[in-house]
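Enquirer: Encoded as structure tokens, here's the structure I'll be asking about.
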């Protein structure tokens, strides 16, 4: 699964970006900074399962991209939007509660993606790297997309931040203030789909939600305001990415899981004091 | 100043899944007027408020808010998830940023200035209602809409809160639409009571509503008795054209305490 990372000694005349590890670090930090604030909103709005559903659908998106020779990010984003729309239609039908619908869609999309890839045996797709991330695959174009896309996502997020927060606290309150919570929520969903599409190469489909949620949950302990929590989550995510990638290099482990394990360790440490003091009572 | 009501429902109705939650409702709230909606649980009070605020659109009839009117809304139930770090100060900024002075004035008016830094999750039910009320009045609203503002507040607190709402109306001249599940405590402050049970059962001054057979049928005879204690404070009447008739017979455009027409 994990390709043994060859520690490249850069030849003279090469830049830092020629080193796959430097590229992975820069990409990872870019993703973490983008994902942190979005992750806070995911935690507040209890959208973790929704994040899973979107990211699981990314496998099908990747398969379609290879089949059509289209850009992966675009294809993954397209499938994510389609699945979100499907979910919305099902929710309007009110036949099943949301979490059951999400469970159905989430696992079905993963299965459809796996079946699609397996049935197209003439395409050589590395399923493992899609599922768990592959730092070797991060190229210069990816860096551009991640930082450019990340900046755009954060710009839009800061634009909708106040109405999004109002809608998160109470939709009726937001509507009485003349806001439009549905529209704000939809824009946020698109941002989420986009960031997941950007993050797949590094983190992998199965673990992106973890990077959304864990730094945000850790940040909650140190925050007294929503904006502060967003910033702390971004910083904690970046720390997890850097430490996780170094761990991945050192222990020869896949990048996505290594990053998530690091984020989890930070989470456990930050909450252990609270858990211990509660346990002592 | 025009006499256009701040909020008006004309023959408004809302149907959900083939069932009318409310229907054939006419309602107006003018400047300086306190209108109270009462009715049993499930009688459509909150639905009606949401129609008035444009949160729901009526299937029948019309709902109008005066153009440009600033609205201060305190919804019925609001629970802030423990995952959201939100202080009372930040709650006031929700929707629109207020400067510190405005925020503190609002918190002082509702009597919880000392809780400005407290996380909203740490507040008691009554304190949280007051914080939401502070948020609403910090926007200097033309119309204050309060959906069961006394939930989780004890009886003494209930009277204090209604006194506060009345004094806000008296000082700012805003219109108030109030929802309550029963009439007796609301009495002191209210100009018009509308008794709702899917449709308007009866309406009028608190005393006339309390005496009406429809009200007694809905709430029982004992509820009507409880009113006697409170009605003495009602010292002026709002005329249909928005002007105010006082106990001494004079008519003014607004009702301001201290303009000589009110009780000392």
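Protein chains in written order, with the numbering used here: chain W, 81 to 361; chain G, 0 to 263.
Even for Gly, the Cβ is constructed at its ideal location relative to N, Cα and C.
Let me make sure I understand the geometry here. Which of W:117, W:273, W:105, W:149 has the alpha-carbon closest to that of residue 214 of chain W?
Expert: W:105
Enquirer: Tell whether a beta-carbon distance below 8 Å holds between residue 218 of chain W and residue 107 of chain W.
Expert: yes
Enquirer: Residues in the same chain with beta-carbon distance under 6 Å from residue 65 of chain G, minus the five sequence neighbours each way, listed in chain order, please.
Expert: 3, 5
Enquirer: When the cut-off is 8 Å and only beta carbons count, does residue 262 of chain W lie next to chain G?
Expert: no
Enquirer: Just to confirm, are residue 237 of chain W and residue 131 of chain W a CB contact at a threshold of 8 Å?
Expert: no
Enquirer: Name the residues in the segment 82-108 of chain G whose C-beta lies less than 7 Å from a C-beta of chain W; which are they?
Expert: 82, 83, 84, 85, 86, 89, 93, 94
Enquirer: Got a sec, what are the start and stop residues for the alpha helix (DSSP H) residue 321 of chain W sits in?
Expert: 306-331
Enquirer: Check whether the segment 277-297 of chain W touches the segment 110-128 of chain W, counting contact only when three or more Cβ pairs, one atom from each stretch, lie closer than 8 Å.
Expert: yes
Enquirer: Is DSSP giving residue 3 of chain G helix, strand or coil here?
Expert: coil
Enquirer: Applying a beta-carbon distance threshold of less than 9 Å, which residues of chain W neighbour residue 70 of chain G?
Expert: 256, 257, 258
Enquirer: Do you know how far the Cα of residue 262 of chain W is from the Cα of residue 153 of chain W?
Expert: 25 Å
Enquirer: Can you find the residues in the same chain that come closer than 8 Å, C-beta to C-beta, to residue 182 of chain W, ignoring five residues on each side of it along the sequence?
Expert: Hits under 8 Å: 129, 130, 132, 133, 167.
Enquirer: Is there a Cβ from chain W that is less than 8 Å from the Cβ of residue 195 of chain G?
Expert: no
Enquirer: Run through the DSSP bridge pairs and tell me what residue 72 of chain G is partnered with.
Expert: G:144
Enquirer: Between residue 93 of chain G and residue 114 of chain G, what straight-line distance do the alpha-carbon atoms span, to the nearest angstrom?
Expert: If I take the Cα positions, the gap works out to 17 Å.
Enquirer: Check whether the segment 318-326 of chain W and the segment 343-350 of chain W touch, using three or more Cβ-Cβ pairs below 8 Å as the test.
Expert: yes
Enquirer: What does residue 77 of chain G reach in chain W if we use C-beta pairs closer than 9 Å?
Expert: 249, 250, 252, 253
Enquirer: Would you mind sorting residue 250 of chain W into buried or exposed? The rule is 16 or more other CB atoms within 10 Å of its CB.
Expert: Residue 250 of chain W should be labelled buried.
Enquirer: Please list the segments of the alpha helix (DSSP H) lying wholly inside the segment 242-305 of chain W, counting only runs of 4 or more residues, in order along the chain.
Expert: 251-256, 261-283, 288-300
Enquirer: With the cut-off set at 8 Å, would you say residue 339 of chain W and residue 283 of chain W are in Cβ contact?
Expert: yes
Enquirer: My guess is that residue 84 of chain G and residue 303 of chain W are in contact by the Cβ rule of under 8 Å, so how many angstroms apart are they, rounded?
Expert: 4 Å
Enquirer: Counting only beta-carbon separations shorter than 8 Å, does residue 49 of chain G have a partner in chain W?
Expert: yes
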